[in-house]
Amino acid sequence: MSHTPFPESGGFDTQAIQDKWQERWEKADPFRAGGSEDTRPRKYVLAMFPYPSGDLHMGHAENYLYSDIVARAWRHRGYNVLNPIGWDSFGLPAENAAIKRGAEPREWTYVNIEQQKQGFRSYGVSFDWSRELHTSDPEYYHWNQWLFQRMHERDLAYRKESPVNWCTNDQTVLANEQVVDGRCERCGAEVIKKKLTQWYFKITKYADRLLDDLNQLEGFWPHKVLQMQRNWIGRSIGADIDFRIEGRDEAVTVFSTRPDTLHGATFFVLAPDGDLAAELVAEATPEVQERFQTYLAGVSRQTEIERQSTDRPKTGVFLERYAINPVNGERLPIWAADYVLADYGHGAVMAVPAHDQRDLDFARAFDLPIRVVVDTTAPITGAIPVIELDDEGVPIDPGMDDSIDELNPAKTGLALVGEGRMINSGALDGLSKRNAIARSIEQLEAAGTGRAAKTYRLRDWLISRQRFWGTPIPMIHTADGRIVPVPHEQLPLQLPDAAGLDLTPKGTSPLGGATEWIQTTDPDTGEPALRDPDTMDTFVDSSWYFLRFLAPNDATQAFPSAEANKWAPVDSYVGGVEHAILHLLYARFITKVLFDMGYIEFTEPFSSLINQGMVILGGSKMSKSKGNLVLFKDEIDAHGADALRVALGFAGPVEDDKDWNDVSTTGAQKFLARALRVAQDVTSEPSVVWAEGDQALRRVTHRLLADAPALIDQTKFNVVVARLMELVNATRKTIDSGAGAADPAVREAAEATAMVLDLFAPHTAEEMWEMLGYTGFVGLVPWRVADPMLLVEDTAKAIIQIDGKVRATLDVSAKIDAATLEDLARTDDRVLKALAGREITRAVVRPPKVVSFSTK
């Protein structure tokens, strides 16, 4: 394999150094996690595993650098570290690429995996390669099927017909989380609604725990991610209210966060794609049916985001039916309107147009009544207003005073959504919002027409896909309509050979066309039956993979519980914020399910989360279509792995985006060459007494040893690189003066440099360690403890400002008093020159760091 020569290598053959240490690591396997006999404390670091879509890119370079820094730092600090690697190798991109190239998905996938493996090895990532896994191996997806069947036994996996998101390009369903701005997050094609029978995981059963347990992660996960999950789960507290529909025996339940506004309900709205709308229309006149079907066809082409947009005109169809308000008996006209979603609450809402903007917009569009029931001009603190009662003790309707009349939504077009006191609401009049909600729920419960309730924005996880390259769903459809599990002894239910199958997206699963594969027998009766033709969403694969790494070759169980409880939860999880909702939420859900099943003793999968920013180019995200890709292989060939790692590590805070134009691999190469020359120049023996060395250099060395662990824990990797550069420069300065290369402090500094540099540039660090006369790997050397006596600063650098501008610096005693420091500043030649005869009118002295003079 040929390589472009590395420039700026300072006379060192960087490629030879890289090849040398990669070969030694591969032979010695030094980064394999210790087994049960290893008594060291354990740490589990994991980077979100890659999808094998081709060669590695700059996003991979950044992600796996950060996780490797953490893993290497923990090894130095005496931990038994698990840092595994695998591939998220099922999914649509592989299938689409195979269709485009006329190849099989398996062939395309595993060729890419080999390419990425070579990229990781060339990058020097300290993986435990003995635990490598691929989710497309039957040995892995066997346990997806096992998990599915365990969830089915617990009523957490079920099948139902409902409106789903349908990708018009990939011809498969998508979970809500996989639709971004109305388009498929994978291919960007338009997503429409389509009614299908699909498999779901009942994640909503865990909604409260998923929400409440986020409190455990405060301070350990980025606040932005926690908030995104809270918003996605979207718990709302209110009441379920039963409405009777004329001509229908069964009541319709509506969820509302504002049951106190029931007296303000003036119409009733159904989701046009919901079951209730279809039921009522089936009994309607032909004219209503025709209008409704035309309207429904238009709704099916809209995304949920479009339907819920507040700035689009409201549309709907009157169904010529009426619901009865349970608190006052009023007849409410029933409309079907696209701003109500079938899977929110119960797919029906009571419309209170005076106090909800979407309801108000609809009411104004169709000339429906608007009734104010909350006086937002009334105070909600202090004494409750006096309510006039009639002879029977019933509040007299106070109506609206002049101030609220001026705000009447019927006139202004703006809903009243603020706090206030109830009006036009019978016995609730005069109550504040909070009290009115509580009282209204009491009244509903007493009347048997409602009850306290919660609802969520979160929907059950739709997991079935109409594509080939995924885990087959391990269920059998019998001739008499039952759905039963594939017998345990027949797992894994493997995919058939793709040869001869038409994988082109066409709306039905390609597995349905695998005639021999799809046909099976009913395990209970022996009669002919059919296997389920769908495959699982690949987010199932990644929801528990961190556990499979604990025993990836175990053919008897998904993972050993004892090992899971020793290693997990993952101590540090590293990946992009784009997975804040999808993958992380699903992994949290499956973890809680496994906890409830008794397989693990923890309820959260990842104790700490590190989100890195993107590597961009010229302010834009890199992409093939834009032609602005910086290729991983090209950078490795041109500059070397260590230069790339140091440049990225130094580029800025972990969470920030890094513009490649600002990343200096050439500067990193020069720094690494300086570090190598330092090690090369050391002439003292390893047995030299460090305490006899230059104390100023020793202080720089020991401050880095003392500060680096905390800086790594705080993910301030760029600061550590800057401090390393400072140490190398200080060491060079000592070599070039005084005792020179023989100074014991020079050896101490060079050894410390090699150890800390191992986190960022492991090939260079190992070469330095060998130059310094050691055998073995520096990556396994215990972290050296800083001498506290060397951390005490004997001197400090004082900054002298005149009218806000720095004019001089002074090296002074760290214990200098204010008067002495001021005298030194006033008599300094540079200060006198800058004053140019001006009078000092004010002096602010903060020893030992600052003296600030003001002049006139």
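Counting from 1, position 289 in the sequence shown corresponds to residue 289 in the UniProt record's numbering; the numbering is continuous, with no gaps.
Backbone N, C-alpha and C define an ideal beta-carbon position, used for all residues, glycine too.
Closest by C-alpha distance to H763, out of R72, W469 and W567, is R72. Annotation: the continuous alpha helix (DSSP H) that includes A647 extends over A641 to F650. Residue range V615 to L617 is occupied by the beta strand (DSSP E) that includes V615. Between V327 and T261, the CB-CB gap reaches or exceeds 7 angstroms. Taking 7 angstroms as the cut-off, the Cβ atoms of L697 and A749 count as close. Below 8 angstroms, enough C-beta pairs join the segment 470-484 and the segment 526-536 to call them touching: three or more.
In the same chain as M422, and ignoring 5 residues on each side of it, the C-beta atoms closer than 7 angstroms to its own belong to D260, V373, V374, L428, D429, G430, L431 and A436, in chain order.
The Cβ neighbour count for L704, taken over all protein chains shown within 10 Å, is at least 16; the residue is labelled buried. Scanning its chain for C-beta atoms nearer than 8 angstroms, with the 5 sequence neighbours on each side dropped, one finds around T508 the residues Q466 and P533, in chain order. Rounded to the nearest whole angstrom, the C-alpha separation of I17 and E767 is 7 angstroms.
Where K833 is concerned, the enclosing alpha helix (DSSP H) starts and stops at D829 to L835. Here DSSP, grouped into helix, strand and coil, assigns A33 to coil. In the three-state scheme derived from DSSP, where H, G and I count as helix and E and B as strand, I203 is classed as helix.
The Cβ atoms of F549 and G649 lie no closer than 7 angstroms to each other.
When the beta-carbon positions are compared, A297 and V317 stay at least 7 angstroms from each other.
Between the segment 187-194 and the segment 163-172 there are three or more C-beta pairs closer than 8 angstroms, enough to call the two in contact. Taking Y545 as reference, the option from S136, N112 and L280 with the minimal CA-CA separation is S136.
Under a 10 Å Cβ-count criterion, T521 is classified as exposed, with fewer than 16 other Cβ atoms of the shown protein chains found around its own Cβ. Annotation for H76: no beta strand (DSSP E) segment contains it, though the alpha helix (DSSP H) segment containing it runs M58 to H76. Per DSSP, V254 is one residue of the beta strand (DSSP E) stretching across V252 to S256.
In this structure, the straight-line span from the alpha carbon of K658 to that of L835 is close to 43 angstroms. Under DSSP, the beta-bridge partners assigned to R531 are I476.
Between I600 and N565, the beta carbon gap of about 6 angstroms places them in contact (Cβ cut-off 8 angstroms).
Taking all protein chains shown into account, T14 has 16 or more neighbouring C-beta atoms within 10 Å of its C-beta and is therefore buried. Runs of the beta strand (DSSP E) spanning 3 or more residues and lying entirely within the segment 457-508 occur at 475-478 and 483-485, in chain order. Under DSSP, P163 forms a beta bridge with K195. By the neighbour-count criterion, in which 16 or more other beta carbons inside 10 Å mark a residue as buried, R842 falls on the exposed side.
Closest in C-alpha terms to V574, from the list Q289, M48 and E26, comes M48. In this structure, the beta-carbon distance from H263 to S440 does not fall below 7 angstroms. Note that the C-beta distance between N325 and L332 is below 7 angstroms. Looking at the DSSP output, D240 sits in a beta bridge with F255 and R451.
Counting along the chain, L46 sits inside the beta strand (DSSP E) bounded by residues R42 to A47. A contact is defined here as three or more CB-CB pairs under 8 angstroms, and the segment 769-780 fails this definition with respect to the segment 795-813. Note that the C-beta distance between A825 and V851 is below 7 angstroms. The C-beta distance from D240 to R434 rounds to 19 angstroms, too long to fall under 8 angstroms, and the pair is not in contact. Note that the C-beta distance between T204 and L458 is below 7 angstroms.
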